[in-house]
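Written below as structure tokens is the structure these notes are about.
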Amino acid sequence: MEPNDQIQSNGTLFVKIGIVVLSMIVMIGLGIKIFPNAITVSNTGSRRDLPIYCVDTEEKKVALSFDAAWGNEDTKTILDILKKHNVKVTFFMTGEWIEKYPEDVKAIAAAGHDLGNHSENHKQMSQLTKEECKEEIMKAHNRVKELTGIEMNLFRPPYGDYNNTLVGTARECNYYTIQWDVDSLDWKDYGVDDIVKRCTVNKKLGNGSIILMHNGAKYTPKALEVVIMGLKDQGYELVPISKLIYRGNYVIDHTGRQRMK
Numbered sequence: 001m002e003p004n005d006q007i008q009s010n011g012t013l014f015v016k017i018g019i020v021v022l023s024m025i026v027m028i029g030l031g032i033k034i035f036p037n038a039i040t041v042s043n044t045g046s047r048r049d050l051p052i053y054c055v056d057t058e059e060k061k062v063a064l065s066f067d068a069a070w071g072n073e074d075t076k077t078i079l080d081i082l083k084k085h086n087v088k089v090t091f092f093m094t095g096e097w098i099e100k101y102p103e104d105v106k107a108i109a110a111a112g113h114d115l116g117n118h119s120e121n122h123k124q125m126s127q128l129t130k131e132e133c134k135e136e137i138m139k140a141h142n143r144v145k146e147l148t149g150i151e152m153n154l155f156r157p158p159y160g161d162y163n164n165t166l167v168g169t170a171r172e173c174n175y176y177t178i179q180w181d182v183d184s185l186d187w188k189d190y191g192v193d194d195i196v197k198r199c200t201v202n203k204k205l206g207n208g209s210i211i212l213m214h215n216g217a218k219y220t221p222k223a224l225e226v227v228i229m230g231l232k233d234q235g236y237e238l239v240p241i242s243k244l245i246y247r248g249n250y251v252i253d254h255t256g257r258q259r260m261k
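First residue of the sequence shown: 1, per UniProt numbering; consecutive thereafter.
Written as structure tokens, this is what we have:
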């Protein structure tokens, strides 16, 4: 090859490399997803592994969810209300709660509700190592499996606190990590009317919303029936999270909304 030919060849190669690099920079700058299965790229170029906050769907469906980490006085009342209105929901339970109230775990399962994992000890899991995260998830998992035979696959981080390590570890344990986009704030004990308003008159409420409640909150049982009727009056079908989310070929945008690819 002549020197001039070599220079021309190298120049062409450099141009091609430059185009590829520039394309990647533009994609990152626009926040475009280039990683599969829920990993997004922020406008700073950092990789974020996001949980599911809500679901993109044209169907008028929402999901009620209850975190069970303390208290149990009202679980039966909640189950009775749900049965009365023929509504199925998702209960996210800690290992400690499962250990204290095994019969209620069985009752929840028998009623056809989702059993979800809320970790073993309700720790701030973004501060844990990968192995510690796995232990927190699988201890609660195995408790439920021994009690009911059910292999849980929905996980909600305690305090809604997560990082890439936790979400990735949960996925390796065959879990979908679930957050929420509508918060009842029932644990703050603001009263029945406040809970109802936050759950039914909320700018974030829409198709595919996931609503957070707690089975141990003081006013939740009194508010629950009104919340259910209020959502149904707006035309929403209430489904458990397992019937709302997509499986397999999906992405999660920067807002935490799960979409089909």
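Note that CB positions come from ideal geometry on N, CA and C, so glycine has one too.
All of these numbers come straight from a predicted model, not from anything done at the bench.
- By the neighbour-count criterion, in which 16 or more other beta carbons inside 10 Å mark a residue as buried, residue 229 falls on the exposed side.
- When DSSP states are grouped into helix, strand and coil, residue 159 belongs to the helix group.
- The continuous stretches of beta strand (DSSP E) do not include residue 150, and DSSP gives it neither H nor E.
- Only residues of its own chain outside the window of five on either side were considered, and among them 54 and 56 have a CB closer than 6 Å to the CB of residue 257, listed in chain order.
- In this structure, the alpha-carbon of residue 193 lies about 28 Å from that of residue 94.
- Residue environment for residue 255: exposed (fewer than 16 other C-beta atoms within 10 angstroms of its C-beta).
- In summary, residue 85 is exposed, with fewer than 16 beta-carbon neighbours lying within 10 Å of its beta-carbon over all protein chains present.
- Less than 8 Å divides the Cβ of residue 215 from the Cβ of residue 68.
- Contact between the segment 162–182 and the segment 137–154 is present: three or more C-beta pairs spanning the two stretches fall below 8 Å.
- Rounded to the nearest angstrom, the gap between the Cα atoms of residue 127 and residue 246 is 29 Å.
- 8 Å or more divides the Cβ of residue 119 from the Cβ of residue 211.
- Within the same chain, and ignoring the five residues on either side of residue 101 in sequence, the residues whose Cβ sits closer than 6 Å to its Cβ are 72.
- If the five residues before and after residue 221 are omitted, its C-beta is found closer than 8 Å to the C-beta atoms of 74, 77, 78 and 81, all from its own chain and listed in chain order.
- In this structure, the straight-line span from the alpha carbon of residue 231 to that of residue 200 is close to 6 Å.
- Rounded to whole angstroms, the gap between the alpha carbons of residue 170 and residue 134 is 7 Å.
- With 16 or more other Cβ atoms from the protein chains shown falling within 10 Å of its own Cβ, residue 217 counts as buried.
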